[in-house]
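Notes to accompany the following structure.
Numbering (mature numbering (1 follows the signal peptide of the UniProt record, and there is no 0)), first residue to last: -20 to -1, 1 to 201.
The structure is reproduced here in structure tokens:
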């Protein structure tokens, strides 16, 4: 993938900003009923460490070291994390990626594997901006994540207006071929369990887009 040309990104969105704000407002009002009991209200101090850094749980494109370092050069991979009672899903269409993007949705008994990164606190705004928090694309969550048989509080994100569970995944919610490839490569880098890796590989995706490459600028979703 390093040999393919970067494609020109746009800032168009399939959902208007007003719709996004309304969705996020609805999510915030009901989040206590839908999120796992291991979650807490977002409080930056919960995820900070003694080294003026914070822990971040990545499950999508930020599994990939090349991708996360575009906006967060201080990120250091701490290891493999397990988020219990959530499922991996795909929701809103991103013009940037030319397909649906990943999210985590509370779902009893399901599991999401990912990477735990330690990032300088000064980069927290960069991460929030990358995830489009300021335009109500993603919302900050702070779930408990297992790493090396210990539970740690991590910063993470889910879409404002998470999708309903549908099996098989509707074609309208397919990720792009590039986005899917970035996730799978990141999962391999992280060393996620083989069974989960095969599950990721089996996720259907859209047809390849000519000249597609990992975004290397700092525009948002």
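Positions of the beta carbon are idealized from the N, C-alpha and C atoms, including for glycine.
Taking DSSP as the reference, what is the three-state secondary structure of residue 79? Along the chain shown, one-based indexing puts residue 79 at 99. Residue 79 falls in the strand class under three-state DSSP.
Using DSSP with H/G/I as helix, E/B as strand and the rest coil, what is residue 183? Along the chain shown, one-based indexing puts residue 183 at 203. If DSSP states are grouped into helix, strand and coil, residue 183 belongs with coil.
In angstroms, rounded to a whole number, what distance separates the CA positions of residue 46 and residue 86? As a position in the chain shown, residue 46 is number 66, starting the count at 1. As a position in the chain shown, residue 86 is number 106, starting the count at 1. Spanning the two alpha carbons is a distance of roughly 28 Å.
Determine contact between the segment 116 to 130 and the segment 38 to 57, defined as no fewer than three beta-carbon pairs at a distance below 8 Å. no
Where does residue 191 land, buried or exposed, given buried means 16+ other C-beta within 10 angstroms? Residue numbering aside, residue 191 sits at position 211 when the chain shown is read from its first letter. When all chains shown are included, residue 191 counts as exposed.
At the level of alpha carbons, what is the spacing between residue 5 and residue 77? Translated into the one-based positions of the chain shown, residue 5 becomes position 25. Translated into the one-based positions of the chain shown, residue 77 becomes position 97. The predicted model places residue 5 with a pLDDT of 45, which falls under 50 and marks its position as unreliable; any figure quoted below should be read in that light. Taking the straight line from one Cα to the other gives about 25 Å.
Buried or exposed: which applies to residue 155, given that a residue is buried once 16 or more other Cβ atoms fall within 10 Å of its Cβ? In the chain shown, residue 155 corresponds to position 175, counting from 1. It counts as buried.
Considering only residues of the segment 90 to 149, which uninterrupted alpha helix (DSSP H) runs meet the minimum length of 4 residues and lie entirely inside it, listed in chain order? 104 to 110
Pick from 96, 138, 160 that is closest to residue 181, judged by C-alpha positions: Counted from its first residue, the chain shown places residue 181 at position 201. Nearest of 96, 138, 160 to residue 181, Cα basis: 160.
Look at the Cβ atom of residue 185, then the Cβ atom of residue 79, and state whether they are nearer than 8 Å. Position 205 of the chain shown, counted from the start, is the residue given in the question as residue 185. Position 99 of the chain shown, counted from the start, is the residue given in the question as residue 79. Closer than 8 Å, so yes.
At what residues does the alpha helix (DSSP H) containing residue 67 begin and finish? Counting from 1 along the chain shown, the entry for residue 67 is found at position 87. Careful: residue 67 lies outside any alpha helix (DSSP H), inside the beta strand (DSSP E) at 56 to 74.
Are the CB atoms of residue 43 and residue 169 nearer to each other than 8 Å? Start at 1 with the first residue of the chain shown, and residue 43 comes out as number 63. Start at 1 with the first residue of the chain shown, and residue 169 comes out as number 189. For residue 43 and residue 169, yes; Cβs fall inside 8 Å.
Residues in its own chain within less than 6 Å of residue 100 by CB, not counting five upstream and five downstream? As a working note, residue 100 is residue 120 in the chain shown. Here the set comprises 33, 54.
In three-state DSSP terms, what is residue 38? For the purposes of this step, residue 38 is taken as the residue at position 58 of the chain shown. Correct three-state label for residue 38: strand.
Assign residue 188 to one of two classes, buried (16 or more other C-beta atoms within 10 Å of its C-beta) or exposed (fewer than that). One-based indexing of the chain shown puts residue 188 at position 208. Counting Cβ neighbours within 10 Å, residue 188 comes out exposed, since fewer than 16 surround it.
Which of helix, strand or coil DSSP assigns to residue 84: Taking the chain shown and counting its residues from 1, one reaches residue 84 at position 104. If DSSP states are grouped into helix, strand and coil, residue 84 belongs with the strands.
So residue 81 and residue 63 are in contact, right, with Cβ under 8 Å, and what is the actual spacing, rounded? Numbered from 1 along the chain shown, position 101 holds the residue referred to as residue 81. Numbered from 1 along the chain shown, position 83 holds the residue referred to as residue 63. That belief does not hold up - the Cβ atoms of residue 81 and residue 63 are roughly 17 Å apart, past 8 Å.
Alpha helix (DSSP H) containing residue 45: first to last residue? Translated into positions along the chain shown, residue 45 becomes position 65. Counting along the chain, the alpha helix (DSSP H) containing residue 45 begins and ends at 45 to 51.
Proximity winner among 130, 108, 126, 132, relative to residue 139 (alpha-carbon distances): Translated into the one-based positions of the chain shown, residue 139 becomes position 159. When only C-alpha atoms are compared, the closest one is 108.
According to DSSP, what are the bridge partners of residue 170? Taking the first residue of the chain shown as 1, we reach residue 170 at position 190. In DSSP, residue 170 forms no bridge with anything.
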